[in-house]
Amino acid sequence: MKKRGLEKLNNLIDALSSLPTVGKKSALRYAYHMVLNDSFSAIKLAHAIESAVASITKCSRCGGLSEDEICDICYDESRDRTRLCIVENAKDIFVIEEGGVYDGNYFVLENLDNDQIDRLKEIVQDEIKEVIFAFTPSLANDGVILFIEDQLREYDLVFTKIAQGVPTGVQLENVDTLSLSKALSQRVKI
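No gaps in the numbering here: position 67 of the sequence shown is 67 in the working numbering, and each next residue is one more.
So, in structure tokens, the structure goes:
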């Protein structure tokens with residue numbers, strides 16, 4: 001005889017606990033709430049996740065998140081096209097945009113390979129005058145900045161990086177909006 005259990009609930013708990021910062025206890029609380037207290041919101045959440053996974057891709061120009069080939073930021077002609085902010089991942093764009101201080105374009109540098117450097121050169125040769133590095137402060141990222149500067153030395157560019165108001169080793173998504181806004185507006189020349 002087959003043992004009857006809560007396999008589906010356990011699968012939900014396992015799935016929730018696989019998310020960043022969600023431990024087993026929180027996953028159990030969420031699963032219990034969804035299954036027994038608010039099944040309508042749980043179904044709405046499931047549909048939103050399914051729709052997002054099926055629809056969201058990377059912008060072919062900047063590498064940010066988009067539902068189209070080109071994201072809204074790259075498509076927006078009112079933005080300052082002379083400034084390019086290079087970030088480590090697409091989430092960083094959301095964090096910077098929330099501050100409302102920066103109105104230029106972005107480039108997501110997720111892996112430092114020849115294809116990304118070539119794409120960056122194509123973007124820079126258009127009308128870019130300033131390249132802003134919005135990286136988590138670290139020695140490794142300082143090395144990346146020097147490498148990119150060297151790769152772009154043939155262009156007439158000003159290189160800046162966000163001010164040190166962002167603590168060393170802290171991901172941009174964990175920095176409060178005010179500190180990030182100040183770091184961007186008080187960036188320093190490299």
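Positions of the beta carbon are idealized from the N, C-alpha and C atoms, including for glycine.
**Study point:** Contact under 9 Å by Cβ, residue 86 with residue 64
**Key:** Along the sequence shown, one-based indexing puts residue 86 at 86. Along the sequence shown, one-based indexing puts residue 64 at 64. For residue 86 and residue 64, no; Cβs fall outside 9 Å.
Practice item. With distances taken Cα to Cα, identify the nearest neighbour of residue 145 among 133, 154 and 155. Key: Taking the first residue of the sequence shown as position 1, residue 145 is located at position 145. Answer by Cα proximity: 133.
**Study point:** Distance between residue 66 and residue 72 (C-alpha atoms, nearest Å)
**Key:** Here residue 72 corresponds to residue number 72 of the sequence shown, with the count starting at 1. Here residue 66 corresponds to residue number 66 of the sequence shown, with the count starting at 1. Distance between the alpha carbons of residue 72 and residue 66 is about 7 Å.
Practice item. For my contact list, residue 120 and residue 107 are in at a C-beta cut-off of 8 Å; report their separation, rounded to the angstrom. Key: Translated into the one-based positions of the sequence shown, residue 120 becomes position 120. Translated into the one-based positions of the sequence shown, residue 107 becomes position 107. Taking 8 Å as the upper bound for CB-CB distance, residue 120 and residue 107 are in contact here, some 6 Å apart.
Exercise for review: Look at residue 128 and residue 102 and say whether their C-beta atoms are less than 9 Å apart.
Suggested key: Position 128 of the sequence shown, counting from 1, holds the residue named residue 128. Position 102 of the sequence shown, counting from 1, holds the residue named residue 102. Not a contact, by the Cβ cut-off of 9 Å.
Point to revise | Span of the alpha helix (DSSP H), counted from its first residue to its last, around residue 141 | key: Stepping through the sequence shown from its first residue, residue 141 is reached at position 141. Judged by DSSP secondary structure, residue 141 falls within the alpha helix (DSSP H) whose first and last residues are 139-151.
Check your understanding: Residues in its own chain within less than 6 Å of residue 49 by CB, not counting five upstream and five downstream?
Key -> Here residue 49 is taken as the residue at index 49 of the sequence shown, counted from 1. Here the set comprises nothing.
Point to revise | Status (buried if at least 16 other CB within 10 Å, exposed otherwise) for residue 25 | key: Mapped onto the sequence shown, residue 25 falls at position 25. Its Cβ having fewer than 16 others within 10 Å, residue 25 is exposed.
**Study point:** Residue interval of the beta strand (DSSP E) (run including residue 126)
**Key:** Taking the first residue of the sequence shown as position 1, residue 126 is located at position 126. Unbroken run through residue 126 is the alpha helix (DSSP H), 114-127; no beta strand (DSSP E).
Point to revise | Residue burial classification, residue 188 (beta-carbon count within 10 angstroms, cutoff 16) | key: As a first step, residue 188 must be located in the sequence shown, where it is residue number 188. With fewer than 16 other Cβ atoms within 10 Å, it is exposed.
Exercise for review: Give a yes or no on whether the C-beta atoms belonging to residue 131 and residue 157 are separated by under 9 Å.
Suggested key: Looking up residue 131 in the sequence shown gives position 131. Looking up residue 157 in the sequence shown gives position 157. Judged by their CB atoms, residue 131 and residue 157 are nearer to each other than the 9 Å cut-off.
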